[in-house]
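Structure, as C-alpha cells:
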Amino acid sequence: MCENRTLEECVSFFKKNAAYDRLFKEMGRKYRKYGKLTGKLSLEGLSGEEALALGRVLGETVPPGDQKIPVSRLQAALGETRYRGVELKELLFAYFGGTLVTDSQRREKDRKEKEQFWAKLADSAETEFGQTAEAVRWVKAAAEQKKYGWQLIRKEWEKSPKQIRETVLFVCRALELLPEKKEQGGIRLAMLGAEITKNPHYFDRQQTAGRLLLLALGFLLEVEEPKTQEEVLTLYYQAGIRPDDISSFTVCFGIHLYTENGEHEAYRHFIEMGEKYVLTLSNLNRIVEAKSRDGRVFILENQMVFSQLCERLNGREEAREYALVCTSGQMKTASLILIDLLVASGCRLYYCGDIDPEGMEIADRIVARAPGRIFLWRMTEEDYYRSISHETLPEVRLKKLDKIGNKELRELAEVVRREKKAGYQEHLMELLFCDILEKGLDAGICRIMV
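The sequence shown begins at 4 in the numbering used here and counts up by one.
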C-alpha cells in the first residue's frame, strides 16, 4: 500500500492527460468482468497521442494502432517511475473515485434487491387484501413461476422500483374490485382506471398497468395471454370489464334471444319478418339464453354468402324455422359469446369457412370450443375440390396450417399444402342452401360433410 499523497499525485498525473482515458476504461472493464486485474489490456486503434502517452509510462516506443499490453508489464513499468509502490488496483479505484463493483457483485446485489422487492410487494398485497386474495395469488405466482407479468415488472423495476411497485398494487386493487363490479353488470375500462387511480387511461392496453392487468386476468381466469384484439375483448368480458361494445358484433337470422323476463320482443319481431339483424356486445349484456327453433344453427364466415342464403330463405314460408349466424371472418367477442349461449342451450352448431389457411385456423378454434356440439360444415376434401380457386397460396400462409389441431382439418390441410390453392364458400352456395333445408341431420353430420 502506497502513501496517500503518492497515490493522489499518481491519479492526478493520469487524469491531467486525456490520452490515458482509454487505458483506464479498459482496466475498469477487465476488473468488473473478472474481479481482478490480470492478463492483457486490449487497446484497439491507438491514436498517435495515446501511443506516445502510453510509451512514456512503459519507457519504450509504442506505435499507434492495435496493442495488447500485459497487466504485469504495466505494473512493473509503474514501479520504475516516481510512483513506485502504487498498485494498479488501488490506482484504478482511486481514478474512478472509489471501489469498482464487479459484474458478479452487481448481479448478486440486483438479485437480493429483487428478492426483497417481491417479498415486500407480497407483504403489502397481503396487508391490504388478505392472504387469500386473488391479487395476492397472482403476485406470488408471478414471483415464483417467473410468468404472468414477471418479465414486464422486472423490466420496469430497472427504471424505477418505486413506480412499478405502485403500478402492481393498483393492478391488485383492480383485480379485487372487478368481481364486485361484474355482479353489478360490469365496469368500463376507463371508469375502472378513474375509480382506482383518478386516471381514466391508467389501464389502457398500451400502458404498463394495462398490460399487467391483462396478464394477471389471464392467470386468474386460466387462459393464455391474449394476442388478438378479440381475445383481449373476450378476456375483458369474462372479467367483468365492459369494452367497446358497439364495434364487436355478429349478424343473426332466426336466433331466438331471451332475457330474464322472457324472449326479447325486438329480435322475435325480426324473426317473424324473416329478416336478419345485428347483435352487438352491448345487446348481449342482458341476454341469458339463445336458441333456434329446431336446435340447429348454421354459422358462416362469409358475409356475402350469409346474405345470399338469408335472402333465399326469406322467400320461403318456413323461413322462421332456420337459424344462421355470420361471423364476418375473424371471430369477434360478440360471436363467441353468442356461440357459447347457443351451445349452453343444447343447439347443434355447423361451421363453414373458406378452405384456406386463415379460414381453417378459425374453424379449428371454433370446433375446439365445444367438441361434440360444434361440427365442421362443408369443409371436407370433396368440398375443397368443389370450391378450389386459381389463387396460389404463398408459403408464408401455408405455414399457418402447421398449427391446426383438429384431426379432420389436419387431413384437409395436407391436401391444401399439396395443391397450394384456396377454396371459397361462394362455390358451395347451392350445397349450403340444400344442407340448411335438410331436416335429417339429427343422426349425425355425414350428410352435411359429403
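We put the beta carbon where it would ideally sit given N, CA and C, even for glycine.
C-alpha gap between residue i and residue j, whole angstroms
| i | j | result |
| --- | --- | --- |
| E159 | I167 | 6 Å |
| I365 | M30 | 59 Å |
| V328 | L124 | 48 Å |
| L469 | V142 | Because the chain in this structure spans residues 4 to 453, residue 469 falls outside the shown range and cannot be described. |
| S163 | D106 | 21 Å |
| K43 | T64 | 18 Å |
| M452 | V235 | Confidence in M452 is poor, its pLDDT being 43 and thus under 50, which makes the residue's placement too unreliable to answer from. |
| R450 | R296 | With a pLDDT of 39 at R450, under the threshold of 50, the modelled position of that residue is not reliable, and no figure is offered here. |
| V171 | G265 | 43 Å |
| M4 | G88 | Bear in mind that a pLDDT of 49 at M4, under 50, signals an unreliable position, so the model cannot answer this. |
| A136 | E179 | 7 Å |
| E433 | R315 | 11 Å |
| A80 | E116 | 42 Å |
| T102 | E90 | 14 Å |
| Y353 | E324 | 16 Å |
| Q232 | T330 | 15 Å |
| R140 | I340 | 28 Å |
| A2 | P73 | As shown, the chain starts at 4 and ends at 453. That puts residue 2 outside it, with no answer to give. |
| G447 | K185 | With a pLDDT of 35 at G447, under the threshold of 50, the predicted position of this residue should be treated as unreliable, though the coordinate-derived value follows. C-alpha separation (whole angstroms): 39 Å. |
| D258 | A138 | The amino acid occupying residue 258 in the given sequence is Ile; Asp does not appear at that position. Taking the straight line from one Cα to the other gives about 39 Å. |
| G443 | A416 | Residue placement at G443 is poorly supported in this model, since its pLDDT is 47, which falls under 50; the coordinates are not used for a value here. |
| F273 | E304 | 21 Å |
| E161 | A193 | 28 Å |
| L279 | A122 | Residue identity check: residue 279 is Lys in the sequence provided, not Leu. Approximately 57 Å between the Cα atoms of the pair. |
| H393 | V418 | 15 Å |
| L379 | V300 | 12 Å |
| A528 | Y205 | The displayed coordinates of the chain run from 4 to 453. Any statement about residue 528 would go beyond what the structure contains. |
| D445 | L224 | Only weak support exists for where D445 lies, its pLDDT of 42 falling under 50; the coordinates are left without a value. |
Terminal residues of the alpha helix (DSSP H) in which residue i lies
| i | result |
| --- | --- |
| V14 | N7 to K19 |
| C459 | No answer is possible for residue 459: it lies beyond the span of the chain, which begins at 4 and ends at 453. |
| I439 | M432 to L440 |
Cβ-Cβ separation, residue j to residue i (assumed contact under 8 Å), whole Å
| i | j | result |
| --- | --- | --- |
| I391 | E422 | 7 Å |
| G100 | P182 | Their Cβ separation, rounded to whole angstroms, is 54 Å, which puts G100 and P182 out of contact at 8 Å. |
Closer than 6 Å: residue i CB and nearest the ligand SAM heavy atom
| i | result |
| --- | --- |
| K43 | Summarising the ligand content, the structure contains no ligands, and the ligand SAM is consequently not present. |
Nearest residue (CA-CA) to residue i, options the options
| i | options | result |
| --- | --- | --- |
| Y387 | G349, I342 and Q428 | Q428 |
| K230 | L238, L223 and G51 | L238 |
| A212 | C175, F222 and A371 | C175 |
| E398 | G48, I407, K424 and M382 | K424 |
| K410 | Q134, L435, K402 and R368 | R368 |
| Y37 | Q108, F17 and E83 | Q108 |
| F222 | L195, A197, A144 and V74 | A144 |
| Q241 | N288, H393, R323 and K201 | N288 |
| G277 | L412, E225, L312 and R191 | L312 |
| G356 | S348, G332 and G349 | G332 |
| F132 | Q119, E118, A146 and F173 | F173 |
| G298 | P360, I439, L379 and G189 | I439 |
| A22 | K165, G189 and P67 | P67 |
| S75 | E53, K39 and L55 | K39 |
| T84 | R110, F16, T130 and A146 | F16 |
| D359 | M334, I407 and L95 | I407 |
| R32 | G189, V104 and Q134 | V104 |
| A128 | E169, L95 and K112 | E169 |
| K150 | L94, G196, V226 and D207 | V226 |
Distance CB(residue i)-CB(residue j) smaller than 7 Å
| i | j | result |
| --- | --- | --- |
| V308 | V281 | no |
| A373 | V346 | yes |
| L284 | S251 | yes |
| L215 | G318 | no |
| A219 | I199 | no |
| L469 | Q70 | A query on residue 469 cannot be resolved here, the shown segment of the chain reaching from 4 to 453 and no further. |
| R191 | R110 | no |
| I302 | L260 | no |
The beta strand (DSSP E) enclosing residue i, as first and last residue numbers
| i | result |
| --- | --- |
| G48 | K43 to L49 |
| Q70 | G68 to P73 |
| F378 | I377 to L379 |
| V300 | R299 to L303 |
| C350 | Taken as a continuous stretch (DSSP letters only), C350 belongs to no beta strand (DSSP E), as it is neither H nor E. |
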